[in-house]
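As C-alpha cells, the structure follows; a few thoughts come after it.
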Amino acid sequence: MTSSAPRRSLSTVLASLVLAVVALFVLPAAPAFAHDELVSTDPAADAVLDALPGQITFTYSADILTEEGTAVVEVTDADGASLTEGAPVVSGTDVTQTLAGAASGPVTVVWRVVSSDGHPIDGTFSFTVNAASPTPTATTATPTAAPTPSETALPTTATPDATATPSETVSTASPLPWILLVVALVIVAGAIVWLFVARGRRGSSGGGSAGTSGR
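Throughout the sequence shown, residue numbering follows mature numbering (1 follows the signal peptide of the UniProt record, and there is no 0), covering -34 to -1, 1 to 181 in sequence.
Have a look at this one:
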C-alpha cells in the first residue's frame, strides 16, 4: 500500500508537468494564428479596367490600427511612376487609398498595415489598365470633313460660263436685221434707178421717130 501511493503521486506530477509544457507552447501560439488578413480589394487582383480608378479599397477581417504610419499603400504604373495621392484612410476594417493620374498597362499595388493585435501584415497584387482607343478615331474623323471646301469651289467655276453665254447671243443677233435692211434699201434704190433710166430711153426713142415722119 505504501509503494503505490508514491507511484500515483509521481504520475500526477508528470502529468501536471506535461500540461504546463503544453500550456507554455500552445497557448502563446494561439494568438499568432489569429492575425488579421486581407479579405478583398476593389479593384480586385488581376482585374482588367478601361481606366485608372479614383481609389483602391482594402477590406480586412478585423479593424486596422489607426495610428499614423501604420497603414502604407504604394501604387505604381508600368514605368514605376507613383499613382497615389495623399495618405491612406483607415476606417474600421477598410483602408482607402486615393489615386491620381493616368495609367496604361500593369499597375502594381504594395500594401502594409498593422492588425488589431499589433502584428504588421503586408502583401502585393496587380491589375491592368487598357490603353484608351477613342482618341485616334477622333483625329481620323476630322480630315474627312476637309473635302467640304472643294464643294463650295464648284459654283465659282460655273459662274463665268453662265455669264459668257448672253454676250455671245447679243453679238450674233444684233447685226443681222441691219444687214438685211441695208440689202433691201440697196435693192429698192437700184430698182428705182433702173426704172428712171428705162423711161428716159423710151422717151428719147419716141421723139426721134416723130421728127422723121414730119419730113
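C-beta atoms are modelled at their ideal positions from N, C-alpha and C, and glycine is treated no differently.
For residue i, three-class secondary structure by DSSP
{"i": "residue 87", "result": "strand"}
{"i": "residue 46", "result": "coil"}
{"i": "residue 182", "result": "For the chain, the structure presents residues -34 to 181; residue 182 sits outside this window and is missing."}
{"i": "residue 167", "result": "helix"}
Span of the beta strand (DSSP E) around residue i
{"i": "residue 57", "result": "55 to 57"}
{"i": "residue 19", "result": "That residue, residue 19, is in no beta strand (DSSP E); it is neither H nor E in DSSP."}
{"i": "residue 72", "result": "71 to 80"}
{"i": "residue 6", "result": "4 to 8"}
Distance cut-off 7 angstroms: residue i Cβ against heavy atoms of the ligand NAD
{"i": "residue 83", "result": "With respect to the ligand NAD, the structure shown offers nothing to examine, as it has no ligands at all."}
Rounded distance between the beta-carbons of residue j and residue i, thought under 8 angstroms
{"i": "residue 8", "j": "residue 26", "result": "Their Cβ separation, rounded to whole angstroms, is 13 angstroms, which puts residue 8 and residue 26 out of contact at 8 angstroms."}
{"i": "residue 11", "j": "residue 92", "result": "7 angstroms"}
{"i": "residue 29", "j": "residue 59", "result": "6 angstroms"}
{"i": "residue 16", "j": "residue 96", "result": "6 angstroms"}
{"i": "residue 56", "j": "residue 23", "result": "No, residue 56 and residue 23 are not in contact; Cβ-Cβ is about 11 angstroms, not under 8 angstroms."}
{"i": "residue 94", "j": "residue 5", "result": "Incorrect: roughly 22 angstroms between the Cβ atoms, too far for contact."}
Other residues of its chain near residue i: CB distance less than 8 angstroms, five sequence neighbours each side excluded
{"i": "residue 50", "result": "39, 40, 41, 63, 64, 65 and 66"}
{"i": "residue 21", "result": "62, 63, 64 and 65"}
Beta-carbon contacts of residue i that lie in its chain and below 6 angstroms, excluding the five residues immediately before and after
{"i": "residue 36", "result": "80"}
{"i": "residue 54", "result": "37, 39, 61 and 63"}
{"i": "residue 75", "result": "41 and 91"}
{"i": "residue 78", "result": "38 and 88"}
{"i": "residue 85", "result": "1"}
Contacting residues, own chain, Cβ-Cβ under 7 angstroms from residue i (five flanking each side not counted)
{"i": "residue 68", "result": "18"}
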